[in-house]
Every structure is written in C-alpha cells, then in structure tokens.
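Going down the list, the protein sequences come from chains S and C.
For the first sequence, this note's numbering gives the first residue as 1, with consecutive numbering after it.
For the second sequence, this note's numbering gives the first residue as 339, with consecutive numbering after it.
By construction, the Cβ of each residue, glycine as well, lies at the ideal position given by its N, Cα and C atoms.
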Amino acid sequence: MTESAPDFTPVTLITGFLGSGKTTLLQRLLADPALADTAVLINEFGEVALDHHLLERIDERTVLLKSGCLCCTVRGELADALRDLHSRRARGSIPPFRRVIVESTGLADPFPVLTTLHADPVLRHHFRMANVITTVDAVTGARTLAAHPESVKQIAVADRIVLTKTDLAEAGTIAALTRRVRAINPSAPLHTASDIAPSVTLLFSDRSSRDAAAQDWFDQQMRTPTTAEHTDGVEAFAIVFDHQVDWTAFSLWLTMLLNRYGDAVLRVKGILDISDSEAPVAVHGVQHLVHSPTHMQSWPDGDRRSRIVFIVQGLDPDAVKTSFATFCGKPRNRAAAA
Amino acid sequence: MCALCGVLGGADHWTDAAARPGVFTYAADPLERRRERARRIAAANRVLGHYQMKVSDWQGTSFILSTATGKTEMVENLSHLWSVAERLSGRTCDPLDPTLLLRLDAAHD
Chain S
1 MTESAPDFTP VTLITGFLGS GKTTLLQRLL ADPALADTAV LINEFGEVAL DHHLLERIDE
61 RTVLLKSGCL CCTVRGELAD ALRDLHSRRA RGSIPPFRRV IVESTGLADP FPVLTTLHAD
121 PVLRHHFRMA NVITTVDAVT GARTLAAHPE SVKQIAVADR IVLTKTDLAE AGTIAALTRR
181 VRAINPSAPL HTASDIAPSV TLLFSDRSSR DAAAQDWFDQ QMRTPTTAEH TDGVEAFAIV
241 FDHQVDWTAF SLWLTMLLNR YGDAVLRVKG ILDISDSEAP VAVHGVQHLV HSPTHMQSWP
301 DGDRRSRIVF IVQGLDPDAV KTSFATFCGK PRNRAAAA
Chain C
339 MCALCGVLGG ADHWTDAAAR PGVFTYAADP LERRRERARR IAAANRVLGH YQMKVSDWQG
399 TSFILSTATG KTEMVENLSH LWSVAERLSG RTCDPLDPTL LLRLDAAHD
C-alpha cells in the first residue's frame, strides 16, 4: 500500500468478447498482493450483474457500472465513476489506490473508453491510459472473429493479448487462431492464460516499453517483410522511407486521414525521422485518437529510416501510401512497403 | 497566457507536440511557436484551396476557417479543422481523393 496517489493514475482496460475469460483473468490478477492497491470498475450488460460477485472482491474501490454496454451509454458514467474515485481518494475516504482496472462488457468497442480519458477535462489531468488487455477464447475465438466485428477491433487495439482456455483447445486450433490474431495485431505481446503469471509487468507498460514492442515488430519487418495478410478485411502494412518528414505536413495528413477514415484505421504506430530533430519521434494512434507523440532515446540499430505501421479494415494500403507520398514528400531513394 | 506572444495555455492536441525546437513545450521560444502556426496555416491552405476554403490564425490560439461564400467558423486544432471544413463546404475532405492528390502534386512541381 502506498501513502500517496501517483501524479497520473494508470488505467488498464480489460476487454474481450463475451465469455472469453475477462473476469477470470481479473480475478487472478487481483489475487496478486502487488495489485492490492487497485480500484476496479466493472461494466456489465444485463439485468442481473454477476461479474463483481465472481470477483470475490467487493469493497469501496469496486464500482459497478450499470448502464450496460460501455461503448454507447456509459461513457458519462465511466467518467463520473473515475472522478468520484479520484475525489474520494483525495479526501481520504477510501484507501489510496495507485491504478485502476476497467473491465468492459464483451460487446463493447474499447475505443470510447480511451477517448473518455483523453477528452474529459478533469480526468486527463489525473489519469493516463496504460494497457488495453484483450482476452481471446482459444476454443471459440475463430468463430467469434468471423461473426462479430467488435472482437476484431478489440484485438486490433490491444497492447497485450491473452489467449484463454488453451487447455481445452486442440493445438492446431490454437496455432490457426494465433496466426489470425497476429495478422490483426502483429505487435502486441501474446500470452496464454495457462502460463500467465499475473503481474504488474503484464498489466502495465510505460510508453517506452510500448515503443519497444513496436520497435521489435519493426525490426522483424525489416528482416522479413510480410505480405499483407487478410483477416476479416483487416490487414497490416507499413510505409518505410529514408527521407526526413516535415512534422507540419505529417500532422496535417494524419489528422485529415483519421477524420475521414478513423473508423477504418484500427491502429497506427510510427517511428519518424522528423526534420530538425536528432531523436526519433514515436506516434501511436487508435482510430480517431492519437496519443501524445514521444521522443525516443535513440534510433534502433542506427537505422534512421522512418516506419509507420497501419492496421486497417477495408482501406486500400496503396491509396494510403500514395496519399502519404503526396502530402509528406516523395522519398528520395525508397518507399518500400512491407 | 504568454505575455510576449499572446498564446494562451495552448491547445492540448497531439499535433502541437512536434519535434521542432520551440514547439515541444509551451515555455519555448514564442517566435518559433508563431512560425509553426504560420507554417501550419500555409500547409492547410494548400489543401483547403481544393475546397475553396481557407484558414487563418486567431490570436495564436485558434483558427478561423472560411468558405468562399463567407461562411466562417472558429476551430481549435487540426483535427477539428477537417470535420468543420466538411460541414461548412458540404463536401468530403478525403486525403485519398485522386483529384486532390493530382492538384497537390501539380503544386509541388
């Protein structure tokens, strides 16, 4: 237990389709003494709420959001709940907490939760989005992905993916599902529930480790460029170029692209060589939302090429590359696409 | 508000966290902040010209977006710019539109 609240309380979102093991995962995570100082917000869909009983931890820091689906009706309630927790912590009426976990309903689009933290004038000064953890049922995951677009989006925006019920699924099923998940989100570390050790490491990564995960994937792309894999209309592609990019031109282009195609751009990650800047700048975006860019310490392996990875749904990669080249300048030597 | 450049606390928008000196922090060189806004406005106007619109600075804190027929609206940042531009012009501001890209390419050449 800590004496004081952190300047910015990290908020971790656990999402995943109905029955994919979110509550079980949360239960295991909360059993870890390291997570004793955690506030939990649970969003349930249905007349009888059960998940908070399954958690076996009901205290004044466990809040049940009753409005149903997190993505449409509860944004205000989520903001209110977080403000209330913050206020009560400041007054000392509840034990201090250092992190918040939000468990969403299986039907929720995770994007509005992320925007709630960014858009709310109070919350954005006290809370920061940490990780999005997405659970995927190893037995039914493939069918779910085929039938429910929400589940594709849940995987695309994930920072951590947990395959659950792997002990119940055939090895071939798990391997096929892993390929599909990887095609949707190539960079998020993938865990299985059987080997997972509930830990702060899984739950929280700071921005630098998030940058590192993207960098690892970039490095892999440089060695073995993938052909775009098609999964439910979702594909990942990269724009790689070795000329410096003008930040003004890039921000103009990306804001215009996300305004028109934010729903189709599930994820964008980039390491950019910006004009007049020695250090590379990392950019992360989820749909219409772009996180504040960060300066990285140095270029990976001395490779100063800029790389932007897109995970898109129903958007033509060639059209995006052509548009980028027009707005941000033609590459002098190369505009390779992985 | 900065007494020298008249910039309020600054829009808390990702495009403001640029890599250029003077744009990363609000305490940095106010002249450079002004230059950056001017660059941003010039770049935006190259695109907005396609839709017969233009944007100008307002007090170093917001932008004023106008159509050729005089419709005018203030916008806070680049993300808002495009949605307002679409509403005022009644057109779709599509960065993948080949006609727009041809126009921009021609301007580069």
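Check	Outcome
Of the listed residues S/H291, S/H295, S/K269 and S/V286, nearest to S/P280 (C-alpha basis)	S/H295
Spatial neighbours of C/E424 in its chain, beta-carbon cut-off 7 Å, leaving aside the 5 residues before and after	T430 and C431
S/H125, buried or exposed, once every other Cβ within 10 Å from all chains shown has been counted against 16	exposed
Residue of C/G428, C/Q397, C/A406 and C/T407 minimising C-alpha distance to C/V413	C/Q397
S/I101 - containing beta strand (DSSP E), residue span	R99 to E103
Interface residues of the region 368-386 of chain C facing chain S [CB-CB below 8 Å]	E374, R377, R378, A381, A382 and V385
For S/K165 and S/G141, the rounded distance between their alpha carbons	10 Å
Nearest to S/T105 (by Cα), restricted to the options S/T322, S/A90, S/P96 and S/E150	S/E150
Proximal residues to S/V157 (C-beta, below 6 Å), its chain only, five neighbours per side dropped	P110, V132 and V286
C-beta contact flag for S/L289 and S/L114 at 8 Å	yes
In DSSP terms, what S/G285 is bridged to	S/V268 and S/V290
S/L252 at chain C interface by Cβ criterion, 8 Å	yes
S/M129, DSSP secondary structure in three states	strand
Assigned exposure category for C/T410 - 16 Cβ within 10 Å defines buried	exposed
Whole beta strand (DSSP E) elements within the region 3-32 of chain S, 3-residue minimum	9-16
Chain-ordered neighbours of S/V320 on chain C, where CB pairs are closer than 9 Å	P433 and L434
Cut-off 8 Å between Cβ atoms - residues of its own chain near S/T9, not counting five sequence neighbours on either side	H86, F97, R98, R99, V100, H126, F127 and R128
Test: S/T116 CB closer than 8 Å to a CB of chain C	no
Contact set between S/A249 and chain C, taken where Cβ atoms lie within less than 8 Å	A381
Whole-number beta carbon distance between S/S306 and S/L344, since they are thought to touch under 8 Å	One cannot answer for residue 344 of chain S here, as it falls past the ends of chain S, which runs 1 to 338.
Partner residues on chain S for C/W420, Cβ-Cβ distance less than 8 Å	T255, M256, N259 and R260
Identity of the residues DSSP links to C/V422 by a beta bridge	Answer is none; C/V422 lacks a bridge partner.
S/I161 - partner residues in DSSP beta bridges	S/T134 and S/L190
Under the three-state DSSP convention, the category C/D448 falls into	Within the shown structure, residues of chain C are numbered from 339 to 447, placing residue 448 of chain C beyond reach of any answer.
S/A119 and S/A169 closer than 8 Å at C-beta	no
C/T405 versus C/T353: straight-line alpha-carbon distance, rounded	24 Å
C/M412 - DSSP class collapsed to helix/strand/coil	strand
Residues that C/D443 contacts on chain S, provided the C-beta gap is smaller than 7 Å	T326
Neighbourhood of S/A79 by C-beta, 7 Å cutoff - its chain only, sequence neighbours within 5 removed	T116, D120 and L123
Rounded distance between the beta-carbons of S/H191 and S/V152, thought under 8 Å	Incorrect: roughly 19 Å between the Cβ atoms, too far for contact.
Residues near S/E278 by beta carbon distance below 8 Å, same chain, minus five either side	none
Range covered by the alpha helix (DSSP H) that runs through S/S151	P149 to A156
Where C/V385 falls: helix, strand or coil (DSSP)	helix
S/D341 versus C/P368, C/E370, C/R384 and C/R377, residue with shortest Cα-Cα distance	This structure cannot speak to residue 341 of chain S, because chain S is shown only from 1 to 338.
C/L438 beta carbon less than 8 Å from that of S/L252	no
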